[in-house]
Each structure stands twice: as C-alpha cells, then as structure tokens.
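Chains as they are written, first to last, in UniProt numbering: chain L, 1 to 134; chain A, 1 to 186.
A short worksheet on the structure shown next.
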Amino acid sequence: MGHLFDAMPPKVTKRWVPVTRRSKRVPDADHLSALPDAPLLYIMSFPKAWEVVRTCVLSRRWRHLWKSVPCIDIRLRTGDYIDMPQGFTDFVHHLFCRRDASAKLDTLHLRSSDLGCAHNEGDARLWIHKADLA
Amino acid sequence: MEVDKGKGEAEETRKVAEADRDTVTLKSSDGKLFEVSKEAAARLSTVLAGMIAGGSIDDNGTDLKQIGSEALENVVDYCNKHANSIPSAALISSSISFNTAPFKEPEEWERKFVDRLSHDALFDLVEAANFLGMERLLDVTCHKISEMMKGKSPDQIREVFNIKNDYTKEELEEIRQELAWAFYDD
C-alpha cells in the first residue's frame with residue numbers, strides 16, 4: 001500500500017507510509033487512529049485550530065499530532081464565540097510557540113475578526129510573520 | 001464463416017480487439033470483476049495509468065489483491081461518475097498543481113458520492129484511493145472525514161470514531177494543564 005504518498009518528494013505534506021491492510025473487519029474498530037500520520041494530518045487541516053489542538057486529549061496516538069498539522073485555520077466567525085479559547089491572541093501565540101519547528105506549515109487561514117476585540121491588525125501581522133518563519 | 005480460421009489466429013484477433021477496448025477490467029481481492037473506462041482510470045489513478053501504459057493490464061481482470069469488492073465498486077463508480085461529469089476549472093487546476101494547490105472544495109456530486117458511504121466503506125475507500133494513487137478521491141474522502149470531526153468536542157469525536165482513551169487520569173490532567181491555553185477555563 002502507499003503508492004501515492006511514497007511517490008511524492010519529501011517536502012510535500014501529503015506523504016503516506018505503507019499501510020498494513022485490515023485483514024478482517026473488526027466491529028467498532030478505530031479506523032481513524034489507525035491511519036498513518038500523513039493522511040491524519042491532512043484530515044486535521046480542515047477544522048478550526050483550537051479544535052485541532054484539543055485532539056491531543058483523544059488518546060496517546062493523538063498527543064503530538066496537532067504540532068505538525070500543515071494548515072492552521074484561525075478564522076473567527078460570530079458562531080465561534082462559544083467554542084474558541086478565552087484569550088484568543090494568547091492561544092495563537094502558544095500555538096506558534098509549541099508547534100513542531102521542523103513541521104512544514106503551508107497554509108494559514110486568517111480573516112479580520114467579527115468579534116470586536118478578538119485580535120487586531122498588529123496581531124495579524126505578527127502571526128503572518130511567525131507563519132512565514134515556521 | 002470462421003471455419004477456416006485457425007485457433008491461433010482467432011486468439012490473435014481477440015487480443016487485438018482487447019487492446020482496442022476502451023475499458024479495463026479490474027478484479028477485487030474476492031474475485032469480482034469490474035469494468036471501468038480506460039480513459040478515466042488513466043486520468044484519475046497514477047497506478048492504473050502506469051499499468052495501462054506499461055501493458056500490464058490483464059484482459060481477464062487485472063488483480064487488485066489489496067482491494068475488496070465493495071471498495072473497488074466504489075472506486076469504479078467514482079471513475080465512471082467522474083468521466084461523465086464536466087470537470088470544473090477548479091478541478092482541472094487542482095490536478096495540475098496538486099503538490100502546492102490548496103484543497104478545492106468537493107463538487108456537488110462528489111459530496112453526494114461520499115455522503116452515502118458507511119463509516120467502514122469510507123475508510124476502505126481511503127485505503128483503496130491511496131493504493132491506486134487517486135489523489136482527488138483521497139482529497140474528497142479525507143475531507144469528508146474531517147467534516148465528521150468539525151465542531152465536535154473530544155468526547156464526541158471519540159464516540160464517532162470509536163477512539164479508545166488510553167491515557168491515565170494523571171496523564172490527562174498533565175496534558176490539560178500543559179495545554180490549558182487551548183481549552184476553556186473550567
């Protein structure tokens with residue numbers, strides 16, 4: 001297994017090491033955690049950044065995965081108010097500091113905030129700068 | 001009419017006819033045969049494209065021992081639907097610069113295609129797409145899985161995907177403290 005991801009150059013995000021195929025279907029099996037890192041990190045590129053970080057509590061398999069996700073989405077919308085971490089700028093700061101420095105970051109989703117004081121232009125400039133260095 | 005034709009010649013005629021076919025026959029791990037458009041297979045799967053170009057396609061059914069019949073049926077269904085849909089500009093550009101292009105949203109029919117799959121079938125299709133080097137199908141299936149995670153708490157995610165929490169209470173407490181900045185203040 002694993003043609004597509006194996007064939008790609010190492011800098012590419014979506015690499016995939018060979019998979020041992022499930023020989024028999026186990027009821028209630030955890031197919032998601034059984035995926036190799038590359039497709040899992042790709043899957044984790046879509047949810048909001050705080051949801052991604054919180055996956056660390058799922059199980060040991062997930063503890064450090066969030067640190068290597070290649071795409072960070074910190075766009076805030078009105079509906080995110082109930083779910084986002086308190087102190088949003090602190091959250092983003094921690095996120096950049098704790099990421100795996102060797103993991104490639106290819107996309108940062110950012111937008112001006114609906115939520116008044118959540119972050120300002122200076123914060124946004126700093127984050128874009130940090131993302132570039134990551 | 002064919003009475004004078006020797007067996008070898010008939011065989012030869014058959015082979016030429018097979019080479020001209022516009023479909024290829026694929027065989028699942030459990031021995032079921034599926035026909036798929038040669039053009040769509042070559043365009044959507046790097047592995048099948050290589051096999052077609054290299055002449056390693058078996059007219060009696062190319063063995064794909066790693067893929068079960070249910071997953072292969074979905075692969076073939078996807079290829080046929082893809083062959084019949086008019087590719088959007090977004091899809092064309094994503095297939096050209098896959099390595100750097102951001103993800104292109106699934107088309108309406110792709111969304112419907114993955115939405116009807118069972119949990120097991122979805123993950124089997126991820127494996128099949130990976131094996132066959134079908135990058136667009138991988139994108140679409142992985143995107144579907146991510147949608148099943150979105151907006152859910154860790155407990156809800158564990159429930160949806162049957163993830164077993166193997167942390168000790170102490171470990172979990174340590175992580176919650178270490179990453180308090182990502183959670184709400186309880």
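Glycine is no exception: its CB is placed at the ideal position from the N, C-alpha and C atoms.
Everything numeric in this text was worked out from a predicted model, so none of it was measured.
Next on the checklist: Residues of chain A with CB closer than 9 Å to the CB of Tyr81 of chain L, please, in chain order.
Outcome noted: Result: empty, since nearest Cβ-Cβ is about 12 Å, beyond 9 Å.
Item to check | Residue closest to Gly79 of chain L, alpha-carbon to alpha-carbon, out of L:Val53, L:Lys48, L:His129 | outcome: L:Lys48
Next on the checklist: Let's test the definition: count the other Cβ atoms within 10 Å of the Cβ of Ala40 of chain A and tell me whether it reaches 16, buried, or not, exposed.
Outcome noted: buried
Checklist entry - Are the C-beta atoms of Val142 of chain A and some chain L residue less than 8 Å apart? => result Residue 142 of chain A is actually Cys in this sequence, not Val. Cβ-Cβ to chain L under 8 Å: yes for Cys142 of chain A.
Checklist entry - Which one or two residues does DSSP pair with Leu108 of chain L in a beta bridge? => result L:Ile72
Next on the checklist: Considering only DSSP beta bridges, list what Lys65 of chain A is partnered with.
Outcome noted: Answer by DSSP bridge pairing: none, since Lys65 of chain A is not bridged.
Next on the checklist: Can you tell me whether Ser93 of chain A is buried or exposed? The criterion is at least 16 other CB atoms within 10 Å of its CB, across all chains shown.
Outcome noted: With a pLDDT of 43 at Ser93 of chain A, under the threshold of 50, the modelled position of this residue cannot be trusted, and the question is left open.
Next on the checklist: Please identify the residue among A:Glu127, A:Val75, A:Phe131, A:Lys144 whose C-alpha is closest to the C-alpha of Glu108 of chain A.
Outcome noted: A:Lys144
Checklist entry - What are the start and end residues of the alpha helix (DSSP H) that includes Phe131 of chain A? => result 119–131
Checklist entry - Quick one: what does DSSP say Thr168 of chain A is sitting in, helix, strand or coil? => result coil
Checklist entry - Mind listing which residues of the stretch 152–174 of chain A have their C-beta closer than 7 Å to chain L's C-betas, in chain order? => result Pro154, Ile157, Arg158, Phe161, Asn162, Ile163, Lys164, Asn165, Asp166, Tyr167, Leu172
Next on the checklist: Taking 8 Å as the threshold (beta carbon to beta carbon), is Trp50 of chain L in contact with chain A?
Outcome noted: yes
Checklist entry - Comparing the CB of Asn130 of chain A with every heavy atom of the ligand MN, is any distance shorter than 7 Å? => result Summarising the ligand content, the structure contains no ligands, and the ligand MN is consequently not present.
Item to check | Residue environment, Leu35 of chain L, which counts as buried when at least 16 other CB atoms sit within 10 Å | outcome: buried
Item to check | Assigned secondary structure, Glu35 of chain A (DSSP; H/G/I helix, E/B strand, else coil) | outcome: strand
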